[in-house]
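Working notes, beginning with the structure itself.
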Amino acid sequence: MKEQDVLPAAVSAAYGYCETVTGAEAKNFAYGIRLLPGDKRRAMSAVYAFSRRVDDIGDGTLAPEEKTRRLNECRELLERVRTKDVAEDDTDPVAVALADTARRFPVPLGALDELIDGVLMDVQGRAYRTWDELADYCRCVAGAIGRLSLGIFGVRPGARDRVHAPEYANTLGLALQLTNILRDVREDAANGRTYLPAEDLDKFGCSAGFGSATLPEGADFPGLVHFEVRRARALFDEGYQLLPMLDRRGGACVSAMAGIYHRLLDRIEQDPDAVLRGRVSLPAHEKAYVAVRGLAGVDAKAAARQRAGGQP
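Next up, the structure:
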């Protein structure tokens, strides 16, 4: 879809709804996708709006049985999109926008099924003993979004090692999700959820939980955070190999989103206990600065130098 293409009124309104949802609910995501051309920005908003719907079901207060029923309705919506059974005047704007996106871009809709699978893990109260188990969950809820995004961004013709692009997109999604888990550790614990691997909690004496600012006696919470931060940084380093495969604006978008989370990770590393006091976030001016650096390719170049063993 070209910038000058005129969308049918109903489709334009559907995308407008999705962009409103994205702007209101996903500040970090919205900062990144504003660097994209209009057609890709709208498509990313459609993917986000569907994902937000799925996440809201999982995070809501409904009974598990009702959550499962509503998640199955989301699967039915996906099937309608696959079979091109969504009319432009459908009453669900997310369905209309997602169907138009799927017609215009080679998005792997199966990744959204994986997202639903991941949220069902939350509904079922699944816990994670090892990193490999948690990584499976992260691939569903975040790696899947990375692969969907790649379908919209596209890979530059002739890009070196392009066959591994989905793998790098998936890994970058894991890095973002692990950063989210660290940021939200207290909020999740208050809601009865613990995502960090049980073997890591045991190692640092945090198995008794951290739902409040008071840690169990003998717990090394900073040690736990620094351990997970190192893991997240390794994921970022691998995932950043995606950036040279994208065109300038796609690379800027990914660089901006990843850069915001990378800086968030820096803040968490500097003051691990901050995540027990409240949500750690970046001010708007710093997000804007990261977005400008992403558009200029600065962070991508710095990441490349770091992987090559040079100085940032």
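According to the working numbering, the sequence shown is numbered sequentially starting from 529. In this text, a Cβ means the ideal position worked out from N, Cα and C, and glycines have one as well. Predicted model, so just to flag it, every value in this text is computed and none were measured.
In this structure, the CA atom of Arg570 is about 15 angstroms from the CA atom of Gly682. The region 742-761 and the region 673-680 do not touch, with fewer than 3 CB-CB distances between them shorter than 8 angstroms.
Counted as a single uninterrupted DSSP element, the alpha helix (DSSP H) harbouring Met649 occupies residues Gly638 to Val651. When the alpha-carbon of Asp645 is set against those of Asp664, Asn698 and Arg631, the nearest one is in Asp664. Phe578 sits in a helix when the DSSP states are folded into three classes. Bounds of any alpha helix (DSSP H) do not take in Val691, whose DSSP letter is neither H nor E.
Taking C-beta atoms as the reference points, Val635 and Ala623 fail to come closer than 8 angstroms. Remark: fewer than three beta-carbon pairs, one from each stretch, lie closer than 8 angstroms, so the region 790-797 and the region 717-730 are not flagged as touching. Between the alpha carbons of Ala639 and Trp659 lies a distance of about 21 angstroms. Taking a C-beta distance under 8 angstroms as the contact criterion, Tyr543 and Ser573 qualify as a contact pair. Excluding the 5 residues flanking it on each side, Gly751 has same chain C-beta neighbours closer than 8 angstroms at Phe732, in chain order.
Under the three-state reduction of DSSP output, Leu704 falls in the helix class. Looking from the CA of Asp567, the closest CA among Arg632, Ile585 and Leu590 belongs to Arg632.
Judged by DSSP secondary structure, Ser540 falls within the alpha helix (DSSP H) whose first and last residues are Ala537 to Glu553. Scanning its chain for C-beta atoms nearer than 7 angstroms, with the 5 sequence neighbours on each side dropped, one finds around Asp617 the residues Ala538, in chain order. Put simply, the region 664-674 touches the region 693-705. At least three CB pairs are less than 8 angstroms apart. Assignment of alpha helix (DSSP H) within the region 728-795, counting only whole runs of 4 or more residues, yields 749-767 in chain order. Across the structure, Phe764 and Ser783 are spaced so that their CA atoms are roughly 11 angstroms apart. The C-beta distance from Cys602 to Tyr576 rounds to 14 angstroms, too long to meet the 8 angstroms contact threshold. When the Cα atoms are used, Gly653 and Leu724 turn out to be separated by approximately 13 angstroms. From the listed residues Leu770, Glu756, Val713 and Ala786, the smallest Cα separation to Leu804 is found for Val713. Sequence-distant Cβ neighbours of Arg684 in its own chain, meaning closer than 7 angstroms and more than five residues away, are Met773, Leu774 and Asp775.
Its Cα nearest to that of Cys781, the residue Tyr817 stands out among Tyr817, Glu756, Glu607 and Val647. By the C-beta density criterion, Glu642 is buried, having at least 16 other C-beta atoms within 10 angstroms. Burial is judged here by how many other beta carbons sit within 10 angstroms of a residue's own beta carbon; Glu594 has fewer than 16 and is exposed. For Tyr665, the uninterrupted alpha helix (DSSP H) segment begins and ends at Trp659 to Cys666. The shortest C-alpha to C-alpha distance from Gly767 to any of His754, Arg795, Ser809 and Arg667 is the one to Arg667.
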